[in-house]
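Residue numbers (our numbering), protein chains in the order written: chain A, 23 to 366; chain B, 11 to 287.
Ideal placement from N, C-alpha and C gives every residue a C-beta, glycine not left out.
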Amino acid sequence: MAVEPKIRLDHVSKVYPGTDTPAVSELTLDIDPGEILVLVGPSGCGKSTTLRLINRMIEPTGGRIYLDGDDVTDVNPDQLRRRIGYVIQQIGLFPHQTIAENVATVPKMLKWEKKKISARVDELLDMVGLDPRVYGGRYPKELSGGQAQRVGVARALGADPSIMLMDEPFGAIDPITRESLQNEFLRLQDELRKTIVFVTHDIDEAIKMGDRIAILGKQSVVHQADTPERILAYPVDDFVRSFIGAGTAMKGLAFERVGDLDLAPFDGPNGNGESGAEPTGTITADATLYEALEEMLRTADGKTIVLDDSGEPAGVVELSHLSDALRTAQDEARRHYDELEAAS
Amino acid sequence: MSESVAPVITKRRADQDDAAKAAVVSVTSTTRLWRRFSLLLAPVLIVALALVLWFYYQSLGVGTTAQIQVSSALDWDTKLRPQLTQHLTIAFWSTLLVIAIAVPLGVLLTRSGVRKIGPAVLTVANSGQALPAYGLLIIFLALLGQGARTVIVALVVYAILPVLRNTMVGLDSVDRSTLEAGRGMGMTRLQTLLRIELPLAVPVIVAGIRTAMIINIGMATLAFLIGGGGLGITINSGLKLNQDPVLLVGAIMVALVALTFDWLGALAERFLHPRGL
Ligand SMILES: Nc1ncnc2c1ncn2[C@@H]1O[C@H](COP(=O)(O)OP(=O)(O)O)[C@@H](O)[C@H]1O
Ligand SMILES: [Mg+2]
């Protein structure tokens with residue numbers, strides 16, 4: 023609350039010409055500096071429209087949009103967009119330009135010096151894991167889908183914008199490559215700390231990528247905007263519940279680490295009394311509760327031994343720990359929403 | 011619900027894309043081979059034809075042993091050379107004007123504001139070509155009087171369609187996502203036009219220009235009808251005098267001009283083709 027939001031959408035609406043129902047209706051949302059906010063919702067609910075409103079690819083028909091506290095309707099849209107990275111699912115690399123030329127697009131428009139541009143291009147390609155000497159001179163058709171989207175991301179980072187808008191950037195990429203792109207992107211974000219609005223229709227991607235998630239219904243109505251943990255622990259309505267799907271609570275276990283629990287004492291090399299059964303499983307303290315649960319299921323045992331750094335047993339996670347954790351998360355989230363309601 | 015199947019669909023679409031791409035690649039690689047071959051073959055044929063013409067012309071004994079009618083009709087300095095120059099001048103200016111009018115018009119008609127009237131303008135341009143060429147010449151003769159200038163105007167009307175249509179098609183077929191990305195990075199409309207749309211549309215536009223140029227070279231043969239000169243005069247004399255040698259020399263010269271410029275057009279298409287496509 024103390025920091026000024028990087029992006030503020032204030033009752034923003036968009037009615038496309040020739041249509042009656044708004045694509046986005048009275049959307050109000052704050053996005054903090056350095057966070058990844060994921061907009062997730064069924065297709066056609068207005069996610070892309072919302073992104074395109076932020077960088078003024080389209081003009082709102084109502085409401086205000088502020089970047090760093092300034093109303094963006096006051097600035098030249100072309101200038102504005104050079105300060106905002108924009109990545110789309112179809113990538114849109116320029117097929118007649120080399121990878122290096124593609125990545126240099128924004129710096130060139132900003133009339134940087136030649137030397138500075140080529141250094142920047144190399145830096146960016148390195149950043150997204152492509153060797154500039156190998157890929158710089160290639161043309162887009164010579165890249166795989168995953169490589170092309172790496173270039174798309176590098177190009178969007180061209181002039182080091184503080185804001186990135188990403189519209190289903192990994193949506194058209196095969197699941198295995200997508201996974202590694204997601205991981206690399208999160209690692210990159212750890213360094214770069216951009217303010218990112220990330221659109222997806224895939225709730226699992228939202229949970230993975232988001233510092234916060236806004237679950238949107240028709241016309242970009244925000245059903246719930248919160249951390250993935252809280253949304254999983256406490257979906258506020260049926261729409262959110264059905265959107266995040268079954269097994270929600272269990273997905274929440276992935277956000278807590280075994281090391282943070284009050285472990286039960288370790289008593290004896292094998293807590294499992296019955297002979298012939300699998301020995302109790304072991305995990306390390308940095309494992310998530312989800313992994314602990316998996317281990318319990320695997321060994322058909324109600325507990326799992328936690329090993330410390332030297333491989334010595336430090337304690338035991340029990341099934342009750344997990345149900346407690348779930349309940350605590352739910353209680354915490356409920357209390358949070360009760361307080362919010364009381365405050366309003 | 012439909013969201014959960016989306017990845018499967020995109021996956022399948024990617025597979026199809028790959029198959030389609032493979033097919034396209036094999037097609038383009040064979041056509042490319044063929045094109046390279048024909049680019050080399052054309053000048054050989056042109057030179058061979060020119061040599062045949064030269065020897066044939068020598069054998070006629072123009073100015074010496076040939077009949078007086080033939081000698082006069084085929085005299086190089088007073089007939090063939092000036093006619094050739096007129097012919098090329100007419101073709102050159104009409105083609106240049108077609109480019110100067112049709113390319114900017116095509117650009118204009120593909121801008122978002124006026125896009126709707128594009129088909130209507132194409133229909134009008136189409137009617138220029140639907141008219142018989144001879145009729146078109148007569149109409150402009152009535153309007154503008156005799157002379158090469160009238161011919162040029164008529165040819166511009168006649169040949170504008172392929173360039174206009176190809177400019178519009180070329181610009182329209184540029185992948186929308188590249189434009190979306192360009193605009194999203196802060197390119198102005200002019201920058202997206204000059205740096206993305208036009209370079210990507212060049213092959214299609216040049217193909218249209220090549221067609222217009224060949225039309226104009228052929229049509230300039232009719233220029234003599236309204237006092238515009240050109241190699242049509244020689245062909246016409248051959249017919250009137252019932253002298254096959256005159257007819258042949260005229261016809262082969264027109265063919266040589268057309269083949270040469272078609273080859274130059276092919277070269278331009280080849281070298282203006284953006285790399286990476
Ligand atoms: N240019 C446009 N003109 C008219 N309607 C549009 C346009 N773009 C999107 N829409 C409509 O606005 C709604 C939201 O679209 P979009 O923002 O693309 O949704 P999402 O990205 O969530 O799938 C849809 O009903 C879509 O049909
Ligand atoms: Mg969309």
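- Note on G269/A: under 16 other CB atoms within 10 angstroms of its CB, so exposed under the neighbour-count rule.
- For T350/A, not one C-beta of chain B is nearer than 8 Å to its own C-beta.
- Assigned with DSSP and collapsed to three states, P191/A falls in coil, not helix or strand.
- Between the C-alpha atoms of I237/A and I58/A there is a straight-line separation of about 14 Å.
- With contacts defined by Cβ atoms closer than 8 Å, R30/A and D52/A form a contacting pair.
- In its chain, beyond the 5 residues on either side, H283 have a beta carbon closer than 6 Å to the beta carbon of P213/B.
- Going by C-alpha positions, E361/A is about 20 Å away from V262/A.
- Along the stretch 157-176 of chain A, the positions whose C-beta sits under 9 Å from a C-beta of chain B are R160, Y161, P162, K163, E164, G167 and G174, read in chain order.
- A135/B is classed as buried because its beta carbon has at least 16 other beta carbons within 10 Å across all chains shown.
- In this structure, the beta-carbon distance from P162/A to L115/A falls below 8 Å.
- Contact between V256/B and L84/B holds: their C-beta atoms lie close to 6 Å from each other, under 8 Å.
- If only complete runs of 4 or more residues are kept, the stretch 227-266 of chain A shows the alpha helix (DSSP H) at 250-255 and 260-266, in order along the chain.
- Take R200/A, set aside five residues on each side of it, and the residues of its chain with a beta-carbon closer than 6 Å to its own are F192, in chain order.
- Apart from sequence neighbours up to five positions away, the residues of its chain that approach D233/A with a beta-carbon distance below 6 Å are E57 and I58, ordered along the chain.
- Neighbourhood of ligand 1, defined by CB distance below 5 Å to any of its heavy atoms: Y38/A, A45/A, S65/A, G66/A, C67/A, G68/A, K69/A, S70/A and T71/A, in chain order.
- Between Q246/A and chain B, the shortest Cβ-Cβ separation is not below 8 Å.
- Residues K36, A45 and V46 of the same chain have their beta carbon placed closer than 6 Å to that of T71/A, with the five preceding and five following residues left out of the count.
- When secondary structure is reduced to three states using DSSP, L98/B falls in the helix class.
- Listed along chain B, no residue sits closer than 9 Å to H33/A by beta-carbon distance, the nearest being about 24 Å off.
- Close to I206/B, with beta-carbon spacing below 7 Å, are these residues of chain A in chain order: F116.
- Taking 4 residues as the shortest admissible run, the stretch 194-245 of chain B contains the following complete alpha helix (DSSP H) segments, listed from N- to C-terminal end: 208-229.
- Contact between K89/B and T244/B is confirmed by a C-beta separation of about 7 Å, below the 8 Å threshold.
- Along the stretch 71-159 of chain B, the alpha helix (DSSP H) occurs as fully enclosed runs of 4 or more residues at 78-83, 91-119, 128-140 and 143-154, listed in sequence order.
- Just measuring C-alpha positions, the residue of M186/A, S184/A, Q119/A and D196/A sitting nearest G158/A is Q119/A.
- Relative to ligand 2, the nearest heavy atom lies less than 7 Å away from the CB of D189/A.
- Membership of I80/A in any alpha helix (DSSP H) is not indicated, and neither H nor E is assigned to it by DSSP.
- Here S166/A carries a coil assignment [DSSP, helix/strand/coil].
- Excluding five sequence positions before and after R220/B, the CB atoms of its chain that fall closer than 8 Å to its own CB belong to D272, G275, A276, A278 and E279, given in chain order.
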